[in-house]
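See below for the structure under consideration.
In my numbering, the protein residues as written are 232 to 541.
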């Protein structure tokens, strides 16, 4: 089998995702999500940025995710490269025409196949264990942090959406989950079930390993950023945005300075939403050339009206 030939697992994944896309009843130009989709509307909002650092670090608090990033990425030199690729991937799947969203999902699936190795034990008497990026529990957790991060950002910056809209957004996020190789059986059936799953993971399912600590420190260290001010702001968002238990597991503390910075950024964001026209609520990154290339290159624009805020 050569490198261009899909594996049986990849073929199965593509068939199942294609079937799910067809089941939406949407045409190729519209994409995987309807133009009035609650998931699409919330995912492309500026408010998403407030949950981005939280989602990224909650992922790193999972031993499998942390070891995979540690062993198979250039996190030390480019600490936010994976985060940026992830965010572009979210936007591409959310906004792109169906054929490009499906193609991207297939590429992501294939790229994760060789991501495997060993998680060294950090406890005496406990053996090392193998890991794979295809681990169902890990892929479910990564998806869950992205969905929760979108909701967290919305709650921090804007009013909480009506419960029926939240339920609709969650239901729509299940197709997003399938596009990133989350097994249907692992997706909590309802929003209430999802919230219970997420709370249980925070309480019992996470463990910050030495590899996770190194990756996290690289992410929040201002010295790693070309612009130190940006790194400092990102660290405040990361530290203050985390649940207290996860923050403590990373060995970080909330300080008056970080709380002030976080509160100031949140205040500016809320003011921005209060005075800016509705169409400017959309994250400017949707216009970024790299995203358009990922959606199909020159001459392949975003799905119609997908950059219009509701």
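Ideal Cβ placement from N, Cα and C applies to all residues, glycine included.
Of the candidates 262, 364, 378, 390, 390 places its Cα closest to the Cα of residue 505.
Comparing alpha-carbon positions, the option among 405, 349, 265, 498 lying closest to residue 418 turns out to be 405. Taking 7 Å as the cut-off, the beta carbon of residue 439 is found closer than this to the beta carbon of residue 481.
Counting C-beta atoms within 10 angstroms of its own C-beta, residue 486 has fewer than 16 neighbours from the protein chains shown and is therefore classed as exposed. Collapsing the DSSP output to three states places residue 348 in a strand. In this chain, the alpha helix (DSSP H) harbouring residue 428 covers 422-431. The three-state secondary structure of residue 276, taken from DSSP, is strand.
With distances taken between CA atoms, residue 375 lies nearest to 287 out of 500, 243, 287. For the options 304, 502, 272, the alpha carbon positioned closest to that of residue 378 is the one of 272. Note on geometry: alpha-carbon atoms of residue 360 and residue 352 lie some 7 Å from one another. Straight-line spacing of the CA atoms in residue 250 and residue 356 works out to 47 Å. In this structure residue 294 is buried. Its beta-carbon is surrounded by 16 or more other beta-carbon atoms within 10 angstroms.
For residue 372, the CB contacts under 6 Å within the same chain, skipping 5 residues up- and downstream, are 293 in chain order. Rounded to whole angstroms, residue 333 and residue 321 show a C-alpha spacing of 12 Å.
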